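Just so you know, the protein sequences line up as chains A and B, in that order.
The C-terminal position of the first sequence is numbered 366 in my numbering, with every residue numbered one higher than the one before it.
The C-terminal position of the second sequence is numbered 366 in my numbering, with every residue numbered one higher than the one before it.
The structure appears below as C-alpha cells.
Protein chains: 2
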Amino acid sequence: MKEINHLNTKVGFIGIGVMGKSMALHLIKRGYQVFVYNRTESKAKELIEAGATWKSTPGEVAKECSVIITMVGYPHDVKQIYFTDNGILQNASEDSIVIDMTTSSPVLAQSIYEEAKKRGIYSLDAPVSGGDIGAKEGTLSIMVGGDKDIFECVVPLLNLMGKNVVYQGKAGNGQHTKMCNQIAIASNMMGVCESLAYAEKVGLDPETVLKSISYGAAGSWSLSNLVPRMIIGNLEPGFYVKHFIKDLKIALESAEEMKLYTPGLEKALSLYEKLAKIGHENSGTQALIELYRA
Amino acid sequence: MKEINHLNTKVGFIGIGVMGKSMALHLIKRGYQVFVYNRTESKAKELIEAGATWKSTPGEVAKECSVIITMVGYPHDVKQIYFTDNGILQNASEDSIVIDMTTSSPVLAQSIYEEAKKRGIYSLDAPVSGGDIGAKEGTLSIMVGGDKDIFECVVPLLNLMGKNVVYQGKAGNGQHTKMCNQIAIASNMMGVCESLAYAEKVGLDPETVLKSISYGAAGSWSLSNLVPRMIIGNLEPGFYVKHFIKDLKIALESAEEMKLYTPGLEKALSLYEKLAKIGHENSGTQALIELYRA
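Quick look at the structure:
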C-alpha cells in the first residue's frame, strides 16, 4: 500500500455539514487534493472556494480517490452512499480505503467492512466526539475500528482532524466505543438537569452551587459546560437533540441485542423523545432542563 | 463575637469516624484545643494521643467549647446529639457556634438553626464532599448554610479542613447544595456503569475505551476515578453504598416535597437499594457495576 500523504493521495469527503466542513478544511489546508459531494450542493461552496473539487455523486468521488471519508447524518444515509449503484463500494478502486466517521450502527459498520473486503477495498469506522468546536479546532476524539494496519496508514490523515485518535479493535468497535461515550452522557444529562432543577426550585443560587459541586465527585464535562448554558436559557446546539436521540436508539438496540440491562439509557432516551415531541429536536442537548422546569 | 483562633477558641468535635478523625486532626495540628466525643470511645484513641481531650457526652463537649462541630452518620444521630438532655443545644453556652458537617436533612438543619436561635446559639449546616482522601489532605469541598456573619467567623476554621469553602445562603442551604451534588452523582453512576458494562459485554478493551471517552463530553470524575476501580474489581469504599442510599433518600424526600420530577434519582436510588440487598451496603459506590455484570 502506498504511503498516504498530501502529495500522492486524493481524498474524497462526502457529507459537508457543520462537522464535515471543518474536518475537510483541515485536509485542504494541509495540501491534500480533496473531492467533495453533499446532498445539498450549496453547502459545499466554502470548500470549493478553498480548493476542493465538486463531484455529482458519491460514486464519482469514489472513482477519483484512494481514501474516501464519509460524515453524514443517519445510518440510512450511510447505507445509501455506500451501497447504491452510484455509491461508494460499487465505484471505488481496489486497495482504496473508506472511512465512515458518521456516528452510526456498529452492525452497519461491520457489513460495510465485509462488503468492502469482497471488493478488495479497506474499511474503517471512525466516529468522533468533540462537536463543532472540536471539528473546527482539529481536536476531535476519533475512535477507530477495522484492520490495524489500515488504521496505521491513515493515522496521519486522522491526526489532522483530531488530537485523540485511538484504535479500538475490529470493524464496528469504533462505533461501539462511541456508543459507550453516548451511554455515559445520557444518564449524566439527567443527573445534571435534576441537580440544577433542584437548586432552582429550592431557591439556591445555581452559579454558587456550581462553585461547590463542579470540582469534586459530581464534576463532569456536562456540569461544567452545559449547566451554565441552561442557567441563562441558552438552548442553541452544540449537539442536536435529534442526533442524540439517533445515537441513543442505536446504543439501545445494541444493548438489547446483547441482553444488557440499561435502565439509565432507557429512561434518558424516553426523556429526550418527549423533549423532541414538544418541539426541541433542533435544540442542543442541554434543552433537557426544560422538561424539569415544566 | 470574639475572633476565632487557636489561642482563644476551644473546639468540640463530635463524631470520630474516618472523615471526622482526619478533620479534627487538622484543627489539633493548627494548635486548637479540641474536645471530642464519639459513640465508640476506642475510635477517639488516635486523637487523644494527638492532644484532644475526651468528654463523655455531647453535652459535656458543648459546655466546654465555643465552637462545636458534628460529623456523624445519619439524621437520627444528628437529632440525638443536638436535641436530647445530654445533647448539644441543652448544654451549649450562649453565643457559641454549632456546625453540623454531617450530610443530613435540610429540614433538620433548619430546625437546629431555629432551636439554637431561641437559646442564643448560632448554627451552620456545612456538609462536605471529597471523601476520606479530601478529609485527610484538607481539600474537602464545604457547602455552608446559615447566617453569613457567622459563616465568616468560622471560615478560618473551615479552611483548615477544606479548600473549597462556599457560602450557599440561609440555614439548610448547605444541605440542599450537598443534595445537588449527590443528585448529579446518582444518575451519572448509572451512566458510567452502563457504559463500562456495554464495553465489557461487546468485547472492547475497557481501558482503551477510557482513553477515547474520558477527556470529552462523556468525561466525569466518576468515569476517571471509579471506572478504573470497577475494571479491576476493586469495590473497597471510598464512599459507602449505605451512606449514599441515606443521602439519596434525603434528596428524594426533599424533591418530593417540592413536587420536583426526578426520574434519574429515583431509578438510581432503586438500583442502590437493590445493591445493598444483595450484600453490598458496605462496599464503595462503584460496586453498582455488579448489578450490570450479573
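Where is the CB? At the ideal position from N, CA and C, for every residue including glycine.
The structure displayed is predicted, hence computed values, not measured ones.
Residue i: contacting residues in chain A (beta-carbon distance under 7 Å)
i      : result
B/S355 : What B/S355 touches in chain A: nothing, since even the nearest Cβ is about 16 Å away.
B/N245 : L276
Cross-strand partners of residue i (DSSP beta bridge)
i      : result
B/T129 : DSSP, once it has assigned bridges, lists no residue as partnering B/T129.
B/G84  : B/F107 and B/I140
B/N236 : B/S213
A/Y312 : A/G356
A/S342 : In the DSSP output, where bridge partners are listed per residue, A/S342 has none listed.
A/E195 : Note that residue 195 of chain A is Ser in the sequence shown here, rather than Glu. In the DSSP output, where bridge partners are listed per residue, A/S195 has A/V170.
B/G218 : B/L196
Reduced DSSP category for residue i - H, G, I as helix; E, B as strand; rest coil
i      : result
B/G103 : coil
A/L332 : coil
B/S213 : strand
A/Q182 : helix
B/G241 : strand
B/I322 : helix
B/S165 : coil
B/S201 : strand
A/I350 : helix
B/A96  : helix
A/N306 : coil
B/I368 : The structure shown has nothing for residue 368 of chain B, since chain B only spans 73 to 366.
A/G288 : coil
B/E75  : coil
A/G206 : helix
B/T280 : helix
Residue i: contacting residues in chain C (beta-carbon distance under 9 Å)
i      : result
A/H248 : The chain inventory of the structure shown lacks chain C, comprising the protein chains A and B.
Chain-ordered neighbours of residue i on chain A, where CB pairs are closer than 8 Å
i      : result
B/W293 : G288, A289, A290, G291 and S292
B/N253 : S267, S284, I285, G288, A289 and A290
B/Q240 : L276, D277, T280, V281 and S284
Chain B residues whose Cβ lies nearer than 7 Å to that of residue i
i      : result
A/K318 : Chain B residues near A/K318: none, gap ~16 Å exceeds 7 Å.
A/M215 : S284
A/A327 : Y270
A/K339 : P335, G336 and K339
A/N260 : S259, N260, G263 and S292
Check: residue i C-beta below 8 Å from any heavy atom of the ligand PLP
i      : result
A/C265 : This structure does not include the ligand PLP; it has no bound ligands of any sort.
Start and end residues, alpha helix (DSSP H) containing residue i
i      : result
A/G246 : N245 to V274
B/S176 : Segment: none, B/S176 is in no alpha helix (DSSP H) and carries neither H nor E.
A/S292 : From DSSP, A/S292 is part of no alpha helix (DSSP H); its letter is neither H nor E.
A/I303 : V299 to I303
B/D149 : P147 to F155
A/A122 : K117 to A122
A/L363 : I361 to R365
Per-residue contacts from residue i into chain B (C-beta, under 8 Å)
i      : result
A/I257 : G263, A289 and A290
A/N236 : K283, S284, Y287 and G288
9 Å Cβ cut-off: residues of chain A touching residue i
i      : result
B/S201 : S284, I285, G288, A289 and A290
B/L332 : E266, A269, Y270, K273, V274 and Y364
**Asked** Per the contact definition of three or more C-beta pairs closer than 8 Å, is the stretch 243 to 254 of chain B in contact with the stretch 264 to 272 of chain A?
**Response** yes
**Asked** Pairing CB atoms from the stretch 75 to 85 of chain A with CB atoms from the stretch 97 to 114 of chain A, are three or more of them under 8 Å?
**Response** At 8 Å Cβ cutoff, the stretches touch.
**Stretch pair the stretch 292 to 305 of chain A + the stretch 157 to 166 of chain A: three plus CB contacts closer than 8 Å** = no
**Item:** contact_flag[the stretch 164 to 174 of chain B, the stretch 139 to 147 of chain B] where n(CB pairs < 8 Å) is 3 or more
**Value:** By the C-beta criterion, the stretch 164 to 174 of chain B is judged to be in contact with the stretch 139 to 147 of chain B, since at least 3 inter-stretch pairs fall below 8 Å.
**Message:** For the pair the stretch 288 to 299 of chain B and the stretch 315 to 326 of chain B, tell me if three or more CB-CB distances fall below 8 Å.
**Reply:** At 8 Å Cβ cutoff, the stretches do not touch.
**Validate contact between the stretch 116 to 124 of chain A and the stretch 87 to 98 of chain A using beta carbons, cut 8 Å, 3 pairs** = Under the 8 Å Cβ criterion, the stretch 116 to 124 of chain A counts as touching the stretch 87 to 98 of chain A, having at least three qualifying pairs.
**Message:** Check whether the stretch 238 to 246 of chain B and the stretch 273 to 290 of chain A are in contact - that is, three or more C-beta pairs closer than 8 Å.
**Reply:** yes
**Asked** Counting pairs of beta carbons, one from the stretch 189 to 197 of chain A and one from the stretch 215 to 222 of chain A, are three or more of them closer than 8 Å?
**Response** Output reads yes: the stretch 215 to 222 of chain A touches the stretch 189 to 197 of chain A.
**Request:** Could you say if the stretch 350 to 365 of chain A and the stretch 200 to 213 of chain A meet the contact criterion of at least three C-beta pairs nearer than 8 Å?
**Result:** Too few Cβ pairs lie closer than 8 Å, so no.
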